[in-house]
Amino acid sequence: MKQPDSVKDMGRHPGQPLAHINPLEQIPLPPPFDKIDEEPKFAQLSEAAREKYVVLDDTIAVNIEKPKTKEDEDRLVNGFLSGLEKLFSVEDNWTFLQPFEMSMEHCARCQTCSDACPIFQESGENELYRPIYRSEILRRIYFKYVKKASPAIHGDIDLNWETVARLIELSYRCNLCRRCAQTCPIGADNALLSREIRKIASMEMGIVPKELHDDGSVLQLRVGSSTGMTPMIVKDNIEFIDEDTAERTGVPVTTPFDVVGADILLIHNAGEIMAWPENPGAFATVFEAAGLSWTLSSDAVGYDGINYGVWYDDVQFARVAVRHAMAAKKLGVKKIVLGECGHAHKALTVIADKVLTGDLNIPRESSMVTLRDIIRSGKLKLDPSRNDFPVTLHDPCNLVRLMGVVTPQREIIKAVVPEGRFREMAPHGVENYCCGGGSGFAIMSGHNFADWRHRMTGRRKFRQILEAFSDESMDPSHRKYVCAPCSNCKGQIRDILAYYDAFEKAGIYYGGLVELIVNAMVDVQPGFIDWEWH
Amino acid sequence: MTTLAYVVAYVGVVFFVIACVARFVMWSKMPMHMRWELYPVAHEGGGKAAYGGSYLEDTEWWTKKREVSLIGELKVMVPEILFLVALREHNRKLWTRSFPFHFGLYLVGGATALLLLGGVVAGFLPEAISQPAERLIGLLAPALGGAGLILGIVGAIGLLLRRRSRALRDYTAPADLFNLLFFVVAFGVAAATWLLYDRDFSMVGAFVANLVTFNLAAVGDGTAGLMLVLSVVLLALLVAYIPTTHMSHFIGKYFAYHSIRWKDDPNLPGGEQEKVIEELLSRPVSWSAPHIGADGKKSWLDVTLEDQSK
Ligand code: SF4
Ligand code: SF4
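The listed protein sequences correspond, in order, to chains R and E.
This note's numbering puts the first sequence at residues 1113 to 1646.
This note's numbering puts the second sequence at residues 14 to 323.
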């Protein structure tokens, strides 16, 4: 394993990677994936990529081109310093000024947070991935180059274009899961500092991974969804999903669109519509069976709950949040219900809480709560024995650690899964581990980033899944279900299961929560969960 | 010489108070920020705090009265302040050094408070009350103060050594070492004075009583008196120095919990928060990336509402 000796290495060793993980040195997974030398190969970064972009470690997330001239180099350094100053201004950063200053000023550099970070741990404690490695660099740059304080007080660091470019790249080696922050005895938050670095890069320098910005929030604001679906296409797709769902369940269903005066505006992550159509289909089946007054919106952005700005840019974040609220206002709904998407939950319910005012301040509710209330109402006839297979539950960080929605999903599982079939992961609830796809990683796969993600960020979750099923046969014919009530987490869990071929080899399948409900509904044909890999 | 000690003590204490108040005011005046809470939130009622749940689990939460439990907060805060529970849970190795250090400070602080009380009692109350009180203080203050000094020194040395470990070394600036050394030296001199010349705290008690009554008379003779002066000067300088460093985290931590981690009060329609938010959204933005479209004049609201569909 190669790792930096010091935070000062960030501006040293030009053109060289600062860290390298030898996959053979990683901690083996539990059986049946415990043969480290039989794990899938970790694709190497191409030489062409190493030539063209700034190099930090074994992968590239952001694609920052190496500067060709001194002016280009200066632009990187000066842009970063100017953005850093703006983070301390009320005008430009009232949004996070207090939490930011708190974390900049009060870290005692005690390393309590290191044990909590799944990336640092699964990397074999590679210094580069230590939660405060990047925070410390940011702090030193600030105190030395902006505040002009003596390095004897806050520590020393060289500042050059490579320090800046590598630091931005390093801010995309953190899932923003805030597990580290939970253990900090002072209240400092390394995830927040990662996000603030991303903000400097995006909001001041225009540097962002394409998947989050051009193909993410920009596309969403331009055509209506980061999937590229326009309002017309989304309506067509939902119509198709309704037909397909009715065929699978034997119960006709029509998803209502643009119903003025409906009680609920349901906003899905549009990725569900494209990749997991059974999820919106299941929502429609359950909501209709419960007799709810609900609707989807066909207004651009109003049908896609994603809000990638939550990971990198406050303005992009606010733009999307406001458009979600505008769609709800136009329909005059009583509340917005967020579908199975963790970051959409947190973005619109918690963070946008300090953006939406007046007639845009429409109450937001988690679908976990709505679904739990439907179950409690007794309107659905349920037969848990239809879900007679082992089930474990992934807690999406955004929904659980960062919103405190912990019990509704468990109450639902209790009602639809036979006793003894559900097992918790360890740890779970607010102490859970991130799926590894957090902060945008689930949709980022440039170069060999997907491989890096599987080996570094998703490994802890895969370990937990295997441990949760450790008392079950790992024969592929013995089907086991990982319930992930979040679209991004589901995508990441799909990817990691596929990487290890865990469905074919060990019968581990994944899906959402509402699918488990429909699978247990007496009034629909059995077999809604089809155990077909997709 | 003794006059110098009195002057430094007054200045040190006044500076400490002013600096702490200034930091408190700075943190409390910061603008409202986006919610960034982290569960468990200790004041969540209805048993939710125990597993990290929130009011967002409730049906139509915005129609319900929130259950906010002050007792719940105290149940977390008091053990955290006294025993550094988070550190004990997540970093036992460091806790074995940090706990004695912090607890030592509390004991020294407690002993000082007792001596101040003794000074007030002796100076301003009738003997019938002041004599028994002084006797009690005379017993308690040396016990607490002595134990506090020893614990503080042991903890500070432990922390100093710990900073040499592989994981901490690179993250340690010279100032971090200086801070801990300052504690070792100031507490060390005070402990030596206590052990060699002032076992019953009579000298330091008299000094503090004089401080309270603004009587700048000399206390102690010869080396004993000199050691007392040196102790007072070093401790007063330390007290003044603390709030100027990141050791002021005892103030910041309050806000880290109450204004960030546990700050979950929602912006309800028509509520007070809406006005504050609207004012903040009217502030000008100057971020330079082209997609922001800022010019230093347009507000957050302007750039948020600009048509992005082209
Ligand atoms: S963030 Fe907190 S836990 Fe981590 S090193 Fe800083 S003070 Fe310690
Ligand atoms: S937020 Fe999560 S991934 Fe990032 S440093 Fe903290 S624990 Fe590690």
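All C-beta atoms, glycine included, are put in the ideal place defined by N, C-alpha and C.
Being a predicted model, the structure only gives us computed values, none of them experimental.
Look at Leu1282 (chain R) here: in three-state DSSP terms it is helix. Taking the Cα positions, His259 (chain E) is about 25 Å away from Thr1275 (chain R). For the options R:Asn1419, R:Val1503, R:Met1515, R:Arg1435, the alpha carbon positioned closest to that of Ala1527 (chain R) is the one of R:Val1503. In the structure shown, the three-state DSSP call for Arg79 (chain E) is coil.
Here Ile1379 (chain R) is near Asp1416 (chain R), since their CB atoms are less than 9 Å apart.
In terms of side-chain proximity, the C-beta atom of Asn104 (chain E) is found no nearer than 8 Å to any non-hydrogen atom of ligand 2. Around Leu1188 (chain R), the same chain offers Pro1179, Trp1273, Val1276, Ala1277 as residues with beta carbons nearer than 7 Å, after the five sequence neighbours per side are excluded. Here Phe1574 (chain R) is near Tyr1612 (chain R), since their CB atoms are less than 9 Å apart.
Tyr64 (chain E) belongs to the set of residues whose beta carbon lies under 9 Å from a beta carbon in chain R.
Below the 7 Å Cβ cutoff, chain E contributes Met43, Pro44, His46 as neighbours of Leu1209 (chain R), in chain order. Between Leu1443 (chain R) and the set R:Ser1497, R:Val1371, R:Gly1421, R:His1455, the nearest pair of CA atoms involves R:Val1371. Within the same chain, and ignoring the five residues on either side of Asp1204 (chain R) in sequence, the residues whose Cβ sits closer than 7 Å to its Cβ are Lys1198.
Inter-residue distance for Leu173 (chain E) and Ala1382 (chain R) is about 54 Å (C-alpha atoms, whole angstroms). By the criterion of a C-beta distance shorter than 7 Å, Gln1332 (chain R) is surrounded in its chain by Ser1338, Val1413, Asp1416, Ile1418, Val1432, once the five residues flanking it on both sides are discounted. Counted as a single uninterrupted DSSP element, the beta strand (DSSP E) harbouring Lys1447 (chain R) occupies residues 1447-1450.
Pairing Leu250 (chain E) with Val21 (chain E) gives a Cβ-Cβ distance under 9 Å. Along the stretch 1159-1208 of chain R, the alpha helix (DSSP H) occurs as fully enclosed runs of 4 or more residues at 1159-1164, 1182-1199, 1202-1205, listed in sequence order. Annotation: Gly1623 (chain R) is outside any alpha helix (DSSP H); the continuous beta strand (DSSP E) that includes it extends over 1620-1623. By the C-beta criterion, the stretch 235-244 of chain E is judged to be in contact with the stretch 196-204 of chain E, since at least 3 inter-stretch pairs fall below 8 Å. With a threshold of 8 Å, the Cβ atom of Asn1238 (chain R) does not count as near ligand 2, since no heavy atom of the ligand is closer than that. Between Phe196 (chain E) and chain R, the shortest Cβ-Cβ separation is not below 9 Å. Contiguous alpha helix (DSSP H) elements confined to the stretch 1294-1320 of chain R occur at 1302-1311, taking only those with 4 or more residues. Counted as a single uninterrupted DSSP element, the beta strand (DSSP E) harbouring Leu1377 (chain R) occupies residues 1376-1379. Looking only at E:Leu294, E:Trp300, E:Trp275, the smallest Cα-Cα distance to Leu83 (chain E) is reached by E:Trp275. Distances taken from the Cβ of Ile1298 (chain R) to the heavy atoms of ligand 1 include one shorter than 8 Å.
Burial is judged here by how many other beta carbons sit within 10 angstroms of a residue's own beta carbon; Ala62 (chain E) has at least 16 and is buried. Its chain contains Val1528, Val1529, Pro1530, Ala1632 as the residues whose beta carbon lies nearer than 6 Å to that of Pro1496 (chain R), once the 5 sequence neighbours on both sides are disregarded; these appear in chain order. Arg1221 (chain R) has its CB nearer than 8 Å to a heavy atom of ligand 1. Non-local beta-carbon contacts of Glu1579 (chain R) in its own chain, meaning distances under 8 Å to residues more than five positions away in sequence, involve Pro1142, Met1537, Ala1538 in chain order. Close CB contacts of Trp1423 (chain R) within its chain, under the 6 Å cut and outside five residues either way in sequence, are with Ser1551, Gly1552 (chain order). Relative to ligand 2, the beta carbon of Pro1230 (chain R) is positioned inside 8 Å of a heavy atom. Secondary structure of Leu1141 (chain R) (DSSP, three-state): coil.
Here the distance from the Cβ of Asn1302 (chain R) to the nearest heavy atom of ligand 1 is below 8 Å. Of R:Asp1587, R:Asn1544, R:Gly1558, R:Met1586, the smallest CA-CA separation from Cys1601 (chain R) is found for R:Asn1544. For ligand 1, no non-hydrogen atom lies closer than 8 Å to the CB of Cys1289 (chain R).
With distances taken between CA atoms, Glu1281 (chain R) lies nearest to R:Ile1176 out of R:Ala1220, R:Glu1323, R:Ile1176.
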